[in-house]
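For the sequence shown, position 144 (counting from the first letter as 1) is numbered 197 according to the working numbering, and the numbering increases by one without interruption.
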Amino acid sequence: IKGEKKIPLLENLNFRGSYNFIADSFQLSDLTFSANNRISQYLSLNVNGTFDPYIYNKDLNRRTAKLGITNGGSWIRLKYLTMNLSGSWQSKSRDGSQSIGDQFDPRNGLPNDSLMNVDGYYMQDQVFGTPLAYVDFNIPISINYNYSLSLNRFYSRGKDTSSITQTLSSGVNFSLTPKWKVSVNAGYDFTNKTISRTDISVYRDLHCWQLAFNWVPLGFQKSFSIELNVKAQMLKDLKLAKRKMWVDYD
Numbered sequence: 054i055k056g057e058k059k060i061p062l063l064e065n066l067n068f069r070g071s072y073n074f075i076a077d078s079f080q081l082s083d084l085t086f087s088a089n090n091r092i093s094q095y096l097s098l099n100v101n102g103t104f105d106p107y108i109y110n111k112d113l114n115r116r117t118a119k120l121g122i123t124n125g126g127s128w129i130r131l132k133y134l135t136m137n138l139s140g141s142w143q144s145k146s147r148d149g150s151q152s153i154g155d156q157f158d159p160r161n162g163l164p165n166d167s168l169m170n171v172d173g174y175y176m177q178d179q180v181f182g183t184p185l186a187y188v189d190f191n192i193p194i195s196i197n198y199n200y201s202l203s204l205n206r207f208y209s210r211g212k213d214t215s216s217i218t219q220t221l222s223s224g225v226n227f228s229l230t231p232k233w234k235v236s237v238n239a240g241y242d243f244t245n246k247t248i249s250r251t252d253i254s255v256y257r258d259l260h261c262w263q264l265a266f267n268w269v270p271l272g273f274q275k276s277f278s279i280e281l282n283v284k285a286q287m288l289k290d291l292k293l294a295k296r297k298m299w300v301d302y303d
């Protein structure tokens with residue numbers, strides 16, 4: 054084995070809480086924490102949690118103003134916990150340039166200089182201002198995925214109860230041709246055993262214009278829209294649109 058490689062076990066770990074000196078009771082707030090780590094180039098882990106430092110009276114079915122650490126109970130009680138595993142992969146661009154996702158600083162999510170236009174303004178409004186504002190036709194295929202696990206603990210009729218929610222979602226974007234792009238996003242709710250919202254989009258590059266078709270085929274939010282808009286940011290309000298929202302269905 055030649056050389057060495059550093060693998061961080063934990064990139065960020067934060068704890069937060071507060072104390073209200075003038076309150077009559079419950080001076081200490083809930084304690085929260087967050088942690089994240091990039092497991093690999095294609096997978097990241099984020100964990101968030103909330104703890105309650107006060108004792109819960111099962112007989113009275115309510116939270117008391119007694120701290121667990123000073124009254125013989127557990128120091129803190131877990132109330133809420135979430136874990137997210139997410140990542141993405143994309144093929145190389147057609148011309149070898151950076152994709153739009155590579156032009157943001159991963160440390161703070163802000164655009165770097167490659168996203169500054171000739172006027173000195175960042176183009177994140179063009180990218181994120183509206184869903185149809187920017188489509189990267191330069192990337193032949195990209196995939197994103199996310200697994201979410203949530204644990205919620207509470208007392209119901211004096212019993213310590215927990216509810217768990219698990220969801221898996223994924224999205225695929227691929228170019229049929231250099232001018233046609235298709236995007237499909239879907240997911241599955243393991244708790245309710247149902248398919249979550251599914252979005253299907255088709256984009257056509259028309260040089261200075263862009264044509265987009267968006268369709269939600271399932272669920273109570275089913276809808277579709279067709280929109281023809283100008284690419285230029287200064288003319289973003291110049292567009293033709295036809296929509297049928299979920300409220301329009303019988």
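Think of the CB as a built atom: it goes at the ideal place given N, C-alpha and C, for glycine as much as any other residue.
Inset, instruction - Answer yes or no: do F208 and Y107 have a C-beta to C-beta separation smaller than 8 Å? - result: In the sequence as presented, Phe is not what sits at residue 208; that position holds Tyr. No, the pair does not count as a contact, with Cβ atoms beyond the cut-off.
Inset, instruction - Let me know if Q263 comes out buried or exposed under the rule of 16 or more other beta-carbons within 10 Å of its beta-carbon. - result: buried
Legend entry - N- and C-terminal bounds of the beta strand (DSSP E) containing S236: 233-242
Legend entry - Helix, strand or coil at L288 [DSSP, three-state]: helix
Legend entry - Element boundaries [beta strand (DSSP E), containing A353]: One cannot answer for residue 353 here, as it falls past the ends of the chain, which runs 54 to 303.
Inset, instruction - Examine the ligand FMN and report whether any of its heavy atoms sits within less than 7 Å of the Cβ of R116. - result: Absence of the ligand FMN is noted for the structure shown, with no ligands found whatsoever.
Inset, instruction - Could you say which of L120, L98, G102 lies nearest to Y72 if we only look at CA atoms? - result: L120
Legend entry - Within 8 Å, strictly: CB atoms of L139 and S97: The question names Leu, but residue 139 in the sequence shown is Ser. Cβ distance < 8 Å, so S139 and S97 count as in contact.
Inset, instruction - Quick one: grab the DSSP three-state call for P248. - result: Before going further, note that residue 248 is Ile rather than Pro in the sequence given. Looking at I248 - three-state DSSP - the assignment turns out to be strand.
Inset, instruction - Within its chain, find whatever has a CB closer than 6 Å to the CB of I279; leave out the 5 residues flanking it on each side and keep chain order. - result: F266, K295
Inset, instruction - State yes or no: is the C-beta of L131 within less than 8 Å of the C-beta of R206? - result: yes
Legend entry - Coil, strand or helix - G121 by DSSP: helix
Inset, instruction - Label D105 either buried or exposed according to how many other C-beta atoms from any shown protein chain fall within 10 Å of its C-beta, with 16 as the threshold for buried. - result: buried
Legend entry - Residue of S254, G102, S216 minimising C-alpha distance to P270: S254
Inset, instruction - Tell me whether N282 is buried or exposed, calling it buried when 16 or more other Cβ atoms sit within 10 Å of its Cβ. - result: buried
Inset, instruction - Counting only the same chain and skipping the five closest in sequence on each side, list residues whose C-beta sits under 6 Å from that of F243. - result: Q219
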